[in-house]
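Residue numbering for the sequence shown follows the numbering used here, starting at 546 and increasing by one per position.
Yeah, the Cβ is synthetic: ideal placement off N, Cα and C, and Gly gets one too.
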Amino acid sequence: EPLAGVTLRAEITRLRKVLERWCPELPLLSRPYRLPAGMSADFLRVTRAIAAGELGAALADYRGELLPGSDSAAIDAERRRLSTALRSAVLESGSAEELWEYLQLPEAAADEEAWRLGLRILPARSPKRSLVVSHLEELLAGA
546 EPLAGVTLRA EITRLRKVLE RWCPELPLLS RPYRLPAGMS ADFLRVTRAI
596 AAGELGAALA DYRGELLPGS DSAAIDAERR RLSTALRSAV LESGSAEELW
646 EYLQLPEAAA DEEAWRLGLR ILPARSPKRS LVVSHLEELL AGA
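(1) Would a C-beta distance cut-off of 8 Å place L664 and V677 closer than the cut-off?
(2) Grab the span of the alpha helix (DSSP H) containing R625 for me, first residue to last.
(3) Determine the extent of the alpha helix (DSSP H) in which S687 is found, giving its start and end residues.
(4) Beta-carbon separation of E610 and S585 under 8 Å?
(5) With burial defined as no fewer than 16 other Cβ atoms inside 10 Å of the residue's Cβ, what is the status of V639: buried or exposed?
(6) In terms of DSSP beta bridges, what is R559 paired with?
(7) Is it true that the CB of P581 sits closer than 8 Å to the CB of L589?
(8) Using 8 Å as the cut-off, can you tell me whether the region 617–626 makes contact with the region 654–668, which would need three or more C-beta pairs spanning the two stretches below that distance?
(9) For the structure I just gave you, are there three or more beta carbon pairs, one from the region 590–604 and one from the region 559–577, closer than 8 Å?
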């Protein structure tokens, strides 16, 4: 159902404030209202980097779960898709450093499989191994 003009103007005002705060280089265009062409989003860059096998770039752009406060079904589906794609890519073909970077994400905290992989692929003399062992012990104690 179409939005009332007052509702649309209120939403545009809210969007303009968000863009001014977080993306001042991306002005909201008017007549008609629209976002500028060529606008990018981190979740799109992460998706492209995963598809290209550039896990370092994907991890660098990944800011955690997509819009974690949203309960929109479409956002939730995209959030799960992106998180699963990143996890799968790192577990299947990531280096020890890429895996370590993934393990620092809040969503990886309870991922026993990922932490076990860290124990297997981190070099024997890596100081990070003791952190992985400690984290795994905490996970297993809580299970």
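This is what the structure gives:
(1) As a working mapping, residue 664 is identified with position 119 in the sequence shown. As a working mapping, residue 677 is identified with position 132 in the sequence shown. Against a cut-off of 8 Å, the Cβ pair of V677 and L664 comes out as a contact.
(2) If you number the sequence shown from 1, residue 625 lands on position 80. Following the DSSP letters along the chain, one finds R625 inside the alpha helix (DSSP H) bounded by residues 618–638.
(3) Translated into the one-based positions of the sequence shown, residue 687 becomes position 142. The amino acid occupying residue 687 in the given sequence is Gly; Ser does not appear at that position. For G687, the enclosing alpha helix (DSSP H) begins and ends at 673–687.
(4) For the purposes of this step, residue 610 is taken as residue 65 along the sequence shown, with counting starting at 1. For the purposes of this step, residue 585 is taken as residue 40 along the sequence shown, with counting starting at 1. No, they are not a contact pair.
(5) Position 94 of the sequence shown, counted from the first residue, corresponds to residue 639. The sequence given here has Gly at residue 639, not Val. The C-beta of G639 has 16 or more other C-beta atoms within 10 Å across all chains shown, which makes the residue buried.
(6) On the sequence shown, position 14 is the one that residue 559 refers to. Its beta-bridge partners do not exist; DSSP assigns none.
(7) Indexing the sequence shown from 1 puts residue 589 at position 44. Indexing the sequence shown from 1 puts residue 581 at position 36. In this structure, the beta-carbon distance from L589 to P581 does not fall below 8 Å.
(8) Not touching, per the Cβ criterion.
(9) Inter-segment contact for the region 590–604 and the region 559–577 is absent: fewer than three beta-carbon pairs are separated by less than 8 Å.
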